[in-house]
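>
There are 2 protein chains.
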Amino acid sequence: MVTRKEDFSKWYLQTIQKADLMDYSPVRGCMIFKPNGFEIWEHIQECFNQKLKAEGIRNAYFPMLIPESFFTREKDHIEGFAPELPWVTEAAGEALEERLALRPTSETMIGDAFSNWINSYRDLPYEINQWANVFRWEKRTLPFLRTSEFLWQEGHTAHENEEDARQRTMKMLAAYRDLSEELLAMPVFEGEKTPSERFAGAVQTFSIESMMQDGKAVQAGTSHYMGTKFAEAFNIRYLNRDNEHVYCHTTSWGISTRLIGAMIMTHSDDQGLVLPPAVAAHQVIIIPVGPKKKLAEVTEKAQELLQELKSAGIRASLDDSDNSAGFKFNEWELKGACLRIEVGPRDLEQGQFVLKARDEADKQSYDLANLVDQVQSSLTAMQERLLTKARQRNQENIYTDIETLDQLQAHIEKQRENNEPAGWVLAGWDGTEESEAKIKELTGFTTRNIPFDHYFQGEHALPRKEKCIVTGKPAKATVWLARAY
Amino acid sequence: MVTRKEDFSKWYLQTIQKADLMDYSPVRGCMIFKPNGFEIWEHIQECFNQKLKAEGIRNAYFPMLIPESFFTREKDHIEGFAPELPWVTEAAGEALEERLALRPTSETMIGDAFSNWINSYRDLPYEINQWANVFRWEKRTLPFLRTSEFLWQEGHTAHENEEDARQRTMKMLAAYRDLSEELLAMPVFEGEKTPSERFAGAVQTFSIESMMQDGKAVQAGTSHYMGTKFAEAFNIRYLNRDNEHVYCHTTSWGISTRLIGAMIMTHSDDQGLVLPPAVAAHQVIIIPVGPKKKLAEVTEKAQELLQELKSAGIRASLDDSDNSAGFKFNEWELKGACLRIEVGPRDLEQGQFVLKARDEADKQSYDLANLVDQVQSSLTAMQERLLTKARQRNQENIYTDIETLDQLQAHIEKQRENNEPAGWVLAGWDGTEESEAKIKELTGFTTRNIPFDHYFQGEHALPRKEKCIVTGKPAKATVWLARAY
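Chains as they are written, first to last, in our numbering: chain A, 1 to 485; chain B, 1001 to 1485.
(1) Identify the contact partners of L100 of chain A in chain B, using a Cβ-Cβ distance below 7 Å as the criterion.
(2) Buried or exposed: where does G1227 of chain B fall if 16 or more other Cβ atoms within 10 Å of its Cβ makes it buried?
(3) Can you find the residues in the same chain that come closer than 6 Å, C-beta to C-beta, to H1043 of chain B, ignoring five residues on each side of it along the sequence?
(4) Nearest chain A C-beta to M1001 of chain B closer than 8 Å, yes or no?
(5) Could you check if A369 of chain A is buried or exposed, using at least 16 other CB atoms within 10 Å of its CB as the buried criterion?
(6) Does Y1238 of chain B have its Cβ less than 8 Å from a Cβ in chain D?
(7) Cutting at 6 Å between CB atoms, please list the residues of its own chain near C47 of chain A, excluding the five before and the five after it.
(8) Quick test of your reading: P1345 of chain B and V1298 of chain B, contact by CB under 8 Å. State the CB separation rounded to the nearest angstrom.
(9) Return no unless some Cβ of chain B is closer than 8 Å to the Cβ of V88 of chain A.
(10) Give me the chain B residues within the contact set of I128 of chain A, using Cβ-Cβ distance strictly less than 8 Å, ordered along the chain.
(11) Could one say the Cβ of A113 of chain A lies closer than 8 Å to chain B's Cβ atoms, at least one of them?
(12) Taking a contact to mean a Cβ-Cβ separation below 8 Å, would you say D1319 of chain B touches K1328 of chain B in this structure?
(13) For a test of the three-state rule: what should DSSP assign to Q153 of chain A, helix, strand or coil?
(14) Just curious, the beta strand (DSSP E) that N129 of chain A is in, first and last residue?
(15) Using a Cβ-Cβ distance cut-off of 8 Å, determine whether P83 of chain A contacts chain B.
(16) Any C-beta of chain B within less than 7 Å: which residues of the region 131–147 of chain A qualify?
(17) Determine the direct distance from the alpha carbon of V425 of chain A to that of W1137 of chain B, and round the result to whole angstroms.
(18) In whole angstroms, what is the alpha-carbon distance linking C1248 of chain B and A1054 of chain B?
(19) By the 7 Å beta-carbon criterion, what residues does the region 1007–1019 of chain B contribute toward chain A?
(20) Identify every residue that forms a DSSP beta bridge with A1427 of chain B.
(21) Look at the alpha carbon of I1128 of chain B and the alpha carbon of A1060 of chain B, and state the distance between them as a whole number of angstroms.
(22) For K1363 of chain B, report the span of its beta strand (DSSP E) as first-last.
(23) Per DSSP, which residues does P86 of chain A bridge with? Please list them.
(24) Per DSSP, what are the beta-bridge partners of V298 of chain A in this structure?
(25) Which residues, taken in chain order from the region 281–307 of chain A, show a beta carbon closer than 7 Å to some beta carbon of chain B?
(26) Give me, in chain order, the residues of the same chain whose beta-carbon lies closer than 7 Å to that of V188 of chain A; leave out the 5 immediate sequence neighbours on both sides.
(27) Is T1205 of chain B near H1224 of chain B, with beta carbons less than 8 Å apart?
(28) Kindly give me the distance between the Cβ atoms of M1109 of chain B and P1143 of chain B, rounded to whole angstroms, as I take these residues to be in contact under 8 Å.
(29) Evaluate N1418 of chain B with the Cβ neighbour count: other Cβ atoms within 10 Å of its Cβ, from every protein chain shown; 16 or more gives buried, anything less gives exposed.
(30) Using DSSP bridges, identify the partner residues of N1323 of chain B.
(31) Between the Cα of V1246 of chain B and those of B:E1349, B:Q1303, B:E1162, spot the shortest distance and give me the residue it belongs to.
(32) By the DSSP assignment, the alpha helix (DSSP H) with T1489 of chain B in it spans what residues?
(33) Beta-carbon within less than 7 Å of L994 of chain B's beta-carbon, same chain only, minus the 5 sequence neighbours each way: which residues are those?
(34) What is the DSSP secondary structure of N394 of chain A, counted as helix, strand or coil?
(35) Do A1482 of chain B and A1262 of chain B have their CB atoms nearer than 8 Å?
(36) What did DSSP end up calling D23 of chain A once you bin it into helix, strand or coil?
See below:
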C-alpha cells in the first residue's frame, strides 16, 4: 500500500479500488459505480430528497438529448460547454437532421419547458429538481472527481423577481453546506466564484469548497443566480401582478458524485477507506475470533448480535468466512467498515464484546446487554470526530499572512521540500482576470471562492486583505487560492 | 373531453396531459416526466428497492455509452437491437475512433464487468441491479408506453448452474407480478414468451402481461434466462468446486416507466386520471365548501385537518385557491386525487367531514374524530377495489372458445361493430413462426405469452387447446393472443 505522504494520487486510486467502490470501464473517462460506491450516492440522495421535500420542491425527469439549436440560444452557455459535448449524429441507421448533445446540464431543455409552463405570477415560484446522468468529455479524468459521465442532481427554479431568486440560490447553497457537513462530515467554505469561474451563463455563481488531506480543493457544490439571462434566451415570461409580460429570474444548483471522491480524500487513511457512518454501507462488521474449535459456537452468537443490530436499523454484517481474523481486520479496514465488533469465547463468557472504531487506535470492551445503544453512540461519536478532525486539519492548512506572489511561491516551495500540503492561501485580489491568470501560471493555484462576509467576523475571523497579491493594487476582494481537483 | 369509447388513444393522451403527468419534448419520441408523473416512478422505485433488499441484491451504476465492438460479441443481441440504436460519433470536437451506442440495455457492459469480477464459485451468485435511462429509437412512440428514452431498472445476475439461474429468473418475475398487483392494483398474466418474442440473446424470456380497458395488452415486465450465451460471448467464467473453469449461467430482468402508462390505461375513466393510492401523489385533496363569508373560518379548520393527515404520513393537500368548489372537484378528478374531503360550515358544526372516493359515485359523511382512521381505511379499500375491478374486467374480456382463424376474425369484426374490446383470445399454437406471422397478418393479434401451468388448474382453470388456431395441427402450446401496445 502506497501512503498518502508518498503519493496522494496513487493512494487515492488504491483506496477506492481496494474498498471495492468502483471499477474502470472500457469507455474513456467513464467509471463503474460498484454497490459499495453507489450506496454512498443513495444515502446522499435520500438526505437531499428530504431537504427538497421540506422546501416543497419535487423531482421531475427531462430528456437527456438536447438539440444543438438549444445550446446556441444562450451565447455564454454554448461557449462554456461546447468544448466538452459528446454528440449523437445517427440513430436507427439514419443520420439525424440536427445533432443532439448528451446533456452536460439541463438549463436549455428545462428553460424551454418553463417557457411553456409558466404563464402568470400565480405559477411562481416554479421549482423542480432532477436526478440524472450528465456528460462532460474531459481530457483528464479521475474516478468520482472528474468523469466523462457522472451522476448529479440539478435544481431549476423560476421566480417573480431578483430577491426571490437570490433567496433560493443562497438557501440551496446552505442546504449543500449542511449536507456536506452533517452527512459527509466534510467541512466546507462558502463563497462566491470569481467571474472567470462562473457557470457558463450565470450572473453569479456561489460554491462550497472543501479541502482535501493533500491541501488541494474540491468544488463540492454550486448554486447559480441566472438573473433574466436564460429567461430571455428561452422566453420564460409571465404576466405579473400589474398585468405586464415580464421575464422570470431563474436559478440552478447542483451536487454530483464528485462529493463521494471529495469525502474519501477528506477522511481516509493509509489503512484504506474511512467513511462517516451516515453514508457507510458497512456501519458495523462483526468478526468472530478465538480458537478454531470454539468458532462455531461464537459464530452462532455473532448471528444473534447481527440480527439485533439489523433490527435496530444499523447496517451491520458478519464475516464468517474461512479467512483468519487478522486478514478480516485488514480487509474491513480497507473497506471502511465504521465499527468492528470482535466476539470471542472469553468475551461471551463475560457477557462482553470488543468494539473498535475505524478511526481510532484502541479497542474497548462493552456489556452485551448494551449492544445497540453502545453501537449507536459509537457511530454518532465517530461521525462527530471525523468532522472535528477535518475542521482542525483545515485550520492547520490555511495561510492568511501571504501578501505577495513571491511569498506565495516561497511558501509552496517550502511546503514541497518538507513534503507538506501547500494548503489554502487567503489573498487580496484586484478583481482582474489578468491577476488570476498570473497566479495560475506561476503557482498552479486558482481562485476558489470569495468567502462570505461572516467569515471575516467573530472569534475566528479571517483578515480582510487590502492589497492584491499580484499587482499590489487595492484589493477588490479577499479570495481563497488553492490547487484544485 | 373525449371518452374511452369514442377514441381510446385520444382519451389516454388527454388524460395524462390534463393530469399534468407529462409533456412532449423537442426531441422526437422523448418525453418530459413532470412531478406528478415522476412521483409514480419514485413509488415504484421505493417498492422495488425494498424487494431487492430482501433478496440481498444491491444497486450499482454502469456507463451509459457502450462501444460498438461490445454489441457484436453476441450475434442475436446485436441483430435485435441494432435497428434501434442511437450513436455518439463525435465528442469534444473530434470524431471518435469507435462509435458509442446509447445503451438500450446493459448485458454487454455488465457482462464485460462480470468477466473481470467473477473468479470463483465463492463469488457466486453475483447479483446486481441498476436504475438507469435507456434508449431505443422507436418509429412510433406513445408517452410512457413507448418512448425513445425511458427509465427502467435492469437486474443482472450470474450463477453457478442452470437451476440457480432459473430460480432467480422466476423469482424476479414473481416480484414483478407482486409489485404490479399490490402497488399498481394491476392484475397480470404470467407466462413464457414464444421464441420470436424473446429478448435478443436470451434462452427463454418470461413476461407479465396486463390487459388495458380497450382490451389490448401491455408487456409490463420481463425476466430472461440467458443460459451461458452471454457468459460465452463475454467470457464470464469461474473456477467451480471441482477446480474447473466453466461458464456462468446468467439472467436479466427489467421493468420500466411503461408500467405507468399501463396502470393509467387500466384504471382511469372518462373524468380523468384514477390512480391506486399506493402510488398517487395526491391521496387526499381537501376542499373547503360553503358560502363565501364562512370560507376563511372553514379553511382554517381545513388546515388543521391537513396537518393531521400529513402527520399520519398521508399525502394530502388543501386546495384553498379562489376557484369555485365545482371547478376544484373537476380539477382534482382530472388529476386523480384518490379521496376528496369536503369541509363546509354545516359539516364542522356537526363535527363531520364529507368523503368521496375518486372511483365511486357517492359521497358520505364521517366523524372528524375518526379522520385519520377513516382516510386510511378508505385508501386501503380503494386500492383493493381497483384491483378487483380490473380482475373482473379481465375475466369479461377473455375468450377461450375460439378455435380457428376464421372464428377469430369474426370475433374481432363483431366486437368492432359493437364498439367493444376484442380482448384476449386463448388459442392453440403449433409452435411455428409461420403461424404467428399469419395470425398477425390477418388480425393484428400477436402472441403475448404461454400461460404457466397453474393457470390450467383449479377452480378458474383455462382450457388447454389441442389444435393450432392457424393450421389445425396438434398444438405445441396454448397461448394468449391480443393486440398489444
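Beta carbons are placed, not taken as given, at the ideal position from N, Cα and C, and that holds for glycine. Small disclaimer: the values here were computed from a predicted structure and weren't measured.
So, from the listed chains and residues:
(1) V1027
(2) buried
(3) V1279
(4) no
(5) exposed
(6) The structure shown contains no chain D; its protein chains are A and B.
(7) L179, L183
(8) 6 Å
(9) yes
(10) P1035
(11) yes
(12) yes
(13) strand
(14) 126–135
(15) yes
(16) N133, W137
(17) 52 Å
(18) 23 Å
(19) none
(20) B:V1479
(21) 7 Å
(22) 1363–1367
(23) B:A1091
(24) The partner list for V298 of chain A (beta bridge, DSSP) is empty, contrary to what the question assumes.
(25) none
(26) R177, S180, E181, I208, E209, S210, A220
(27) yes
(28) No, M1109 of chain B and P1143 of chain B are not in contact; Cβ-Cβ is about 28 Å, not under 8 Å.
(29) exposed
(30) DSSP output for N1323 of chain B lists no bridge partner at all.
(31) B:E1162
(32) The structure shown does not extend to residue 1489 of chain B, since chain B is modelled only from 1001 through 1485, so no value can be given for it.
(33) The displayed coordinates of chain B run from 1001 to 1485. Any statement about residue 994 of chain B would go beyond what the structure contains.
(34) helix
(35) no
(36) strand
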